[in-house]
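One line per chain: the protein sequences are A and B, in this order. Going by this note's numbering, the first sequence opens with residue 1, and the numbers climb by one from there. Going by this note's numbering, the second sequence opens with residue 115, and the numbers climb by one from there. We put the CB at the ideal spot given by N, CA and C, even for glycine. Keep in mind it's a predicted model, so treat the numbers as computed, not measured. As structure tokens, the structure follows; a few thoughts come after it.
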Amino acid sequence: QKEVEQNSGPLSVPEGAIASLNCTYSDRGSQSFFWYRQYSGKSPELIMSIYSNGDKEDGRFTAQLNKASQYVSLLIRDSQPSDSATYLCAVKRFSGGGADGLTFGKGTHLIIQP
Amino acid sequence: DTAVSQTPKYLVTQMGNDKSIKCEQNLGHDTMYWYKQDSKKFLKIMFSYNNKELIINETVPNRFSPKSPDKAHLNLHINSLELGDSAVYFCASSHHMLNSDPDTQYFGPGTRLTVL
Numbered sequence: 001q002k003e004v005e006q007n008s009g010p011l012s013v014p015e016g017a018i019a020s021l022n023c024t025y026s027d028r029g030s031q032s033f034f035w036y037r038q039y040s041g042k043s044p045e046l047i048m049s050i051y052s053n054g055d056k057e058d059g060r061f062t063a064q065l066n067k068a069s070q071y072v073s074l075l076i077r078d079s080q081p082s083d084s085a086t087y088l089c090a091v092k093r094f095s096g097g098g099a100d101g102l103t104f105g106k107g108t109h110l111i112i113q114p
Numbered sequence: 115d116t117a118v119s120q121t122p123k124y125l126v127t128q129m130g131n132d133k134s135i136k137c138e139q140n141l142g143h144d145t146m147y148w149y150k151q152d153s154k155k156f157l158k159i160m161f162s163y164n165n166k167e168l169i170i171n172e173t174v175p176n177r178f179s180p181k182s183p184d185k186a187h188l189n190l191h192i193n194s195l196e197l198g199d200s201a202v203y204f205c206a207s208s209h210h211m212l213n214s215d216p217d218t219q220y221f222g223p224g225t226r227l228t229v230l
């Protein structure tokens, strides 16, 4: 059974600091990896996608992937109160198409303290 | 606005009833999905569908059935509703083409279903 594990938190980080969110997955066949942000009562919103080992940076966000360790992380630099949300890690078995859905972790609740 | 839309936003109904939730996307995507988010906020895939294949999560009861009248719509029909069906249901879509991120899924606003 495919599983994605995240620490549920809450993870409390001071404003301006780096928030580090971690995720492990069980299916070695996973090819695509995603971080979604979900505010309370809202739908998930894509923050980052990553497909290859290493780092991928987009603004204040950096995703890191290590397929050998089956580990994905998200770093948020210069954390802002507006970053307070639940962050969902998701994996997909096949990349580049195929109608298989995402397998989500249970999410990490991040709180940025002003 | 280009987006994934769902109706209704809220649905309150009695046990045993049959209900449908509608989803439409005007993004030109070729694949659509239904997810269920339970009271503990765990988001789980129910169905994936494009014009070639339907993938059903084996844990989904057969009371749930997706119906797609065309590429832009994937409705969710639920028979004999049970208390445990209460959740938020999200529709999503994606498009698989070259020179774009083929796996990015865009989510609708969700339908909060309450079964009494």
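Extent of the continuous beta strand (DSSP E) run through residue i
i: Met146(B); result: Thr145 to Gln151
i: Phe204(B); result: Ala201 to Ser208
i: Leu157(B); result: Leu157 to Asn164
i: Gly54(A); result: Gly54 to Asp58
i: Glu196(B); result: Where Glu196(B) is concerned, there is no enclosing beta strand (DSSP E), given that its DSSP letter is neither H nor E.
i: Tyr124(B); result: Tyr124 to Thr127
i: Tyr25(A); result: Ala19 to Tyr25
i: Asn131(B); result: Taken as a continuous stretch (DSSP letters only), Asn131(B) belongs to no beta strand (DSSP E), as it is neither H nor E.
i: Asp217(B); result: Run containing Asp217(B): none; DSSP gives neither H nor E here.
i: Arg226(B); result: Thr225 to Val229
i: Val118(B); result: Val118 to Thr121
i: Glu45(A); result: Glu45 to Ile50
i: Asp184(B); result: Phe178 to Asp184
i: Pro14(A); result: Leu11 to Pro14
i: Gln31(A); result: From DSSP, Gln31(A) is part of no beta strand (DSSP E); its letter is neither H nor E.
i: Val174(B); result: Where Val174(B) is concerned, there is no enclosing beta strand (DSSP E), given that its DSSP letter is neither H nor E.
i: Ser40(A); result: Taken as a continuous stretch (DSSP letters only), Ser40(A) belongs to no beta strand (DSSP E), as it is neither H nor E.
i: Asn66(A); result: Phe61 to Asn66
i: Ser73(A); result: Tyr71 to Ile76
i: Lys92(A); result: Ala85 to Lys92
i: Gln113(A); result: Thr108 to Gln113
Residue nearest to residue i in terms of C-alpha spacing, selected from the options
i: Tyr71(A); options: Lys42(A), Pro14(A) and Asp55(A); result: Asp55(A)
i: Lys106(A); options: Tyr124(B), Asn189(B) and Ser153(B); result: Ser153(B)
i: Lys150(B); options: Ala19(A), Thr103(A) and His109(A); result: Thr103(A)
i: Cys163(B); options: Ile111(A), Ser84(A), Asp100(A) and Tyr87(A); result: For the sequence presented, residue 163(B) should be read as Tyr rather than Cys. Nearest of Ile111(A), Ser84(A), Asp100(A) and Tyr87(A) to Tyr163(B), Cα basis: Asp100(A).
i: Gly59(A); options: Leu21(A), Ser20(A), Leu88(A) and Leu75(A); result: Leu75(A)
i: Asp78(A); options: Asn7(A), Ser20(A), Val4(A) and Gln6(A); result: Ser20(A)
i: Glu45(A); options: Thr218(B), Val229(B) and His191(B); result: Thr218(B)
i: Leu197(B); options: Leu227(B), Ser179(B) and Lys185(B); result: Leu227(B)
i: Leu141(B); options: Phe178(B), Ala206(B) and Trp148(B); result: Ala206(B)
i: Pro180(B); options: Lys136(B), Ser208(B) and Gln120(B); result: Lys136(B)
i: Ser182(B); options: Lys155(B), Phe156(B) and Thr145(B); result: Thr145(B)
i: Glu5(A); options: Ile112(A), Thr108(A) and Ser30(A); result: Thr108(A)
i: Trp148(B); options: Phe204(B), Thr225(B) and Val118(B); result: Phe204(B)
i: Gly177(B); options: Ile192(B), Thr225(B) and Asn165(B); result: Just to set this straight, residue 177(B) is Arg in the shown sequence, not Gly. Per the Cα distances, Ile192(B).
i: Trp35(A); options: Pro114(A), Ile112(A), Gly16(A) and Ala85(A); result: Ala85(A)
i: Pro175(B); options: Lys185(B), Phe161(B) and Leu188(B); result: Phe161(B)
i: Gly222(B); options: Ala90(A), Gly9(A), Asn53(A) and Ser43(A); result: Ser43(A)
i: Leu230(B); options: Thr121(B), Ser208(B) and Ser194(B); result: Ser194(B)
i: Ser32(A); options: Ala90(A), Tyr39(A) and Pro14(A); result: Ala90(A)
i: Asn47(A); options: Gly41(A), Arg37(A) and Ser12(A); result: The displayed chain sequence assigns Ile, not Asn, to residue 47(A). Per the Cα distances, Arg37(A).
i: Asn53(A); options: Ser30(A), Leu110(A), Gly9(A) and Gly41(A); result: Ser30(A)
i: Glu15(A); options: Asp83(A), Lys92(A), Arg93(A) and Phe61(A); result: Asp83(A)
i: Ala186(B); options: Pro122(B), Ser134(B), Ile170(B) and His143(B); result: His143(B)
i: Ala17(A); options: Asn7(A), Tyr51(A), Ser40(A) and Gln80(A); result: Gln80(A)
i: Arg28(A); options: Arg93(A), Leu110(A) and Pro114(A); result: Arg93(A)
I want to know whether the segment 65 to 82 of chain A touches the segment 118 to 127 of chain B - three or more CB-CB distances under 8 Å. Taking a contact to require three or more Cβ pairs closer than 8 Å, the segment 65 to 82 of chain A and the segment 118 to 127 of chain B do not qualify as touching.
Going along the chain, which residues of the segment 37 to 48 of chain A sit with their C-beta nearer than 7 Å to a C-beta in chain B? So the list reads Ser43, Pro44 and Leu46, given in the order they occur along the chain.
Residues from the segment 52 to 74 of chain A in contact with chain B, defined by Cβ distance under 8 Å: So the list is empty, because no residue satisfies the distance condition.
Could you list the residues in the segment 135 to 154 of chain B with a C-beta less than 8 Å from some C-beta on chain A, going in chain order? Under the 8 Å Cβ criterion, the segment 135 to 154 of chain B contributes Thr145, Tyr147, Tyr149 and Lys154.
Which residues, in chain order, does the segment 154 to 178 of chain B contribute to contact with chain A at a C-beta distance below 9 Å? Of all residues in the segment 154 to 178 of chain B, Lys154, Lys155, Phe156, Leu157, Lys158, Ile159, Met160, Phe161, Ser162, Tyr163, Asn164, Lys166, Glu167, Leu168, Ile169 and Asn171 have a Cβ within less than 9 Å of some Cβ in chain A.
If you measure beta-carbon to beta-carbon, which residues of the segment 24 to 38 of chain A are closer than 7 Å to chain B? If you check each beta-carbon in the segment 24 to 38 of chain A against every beta-carbon of chain B, the ones closer than 7 Å belong to Ser32.
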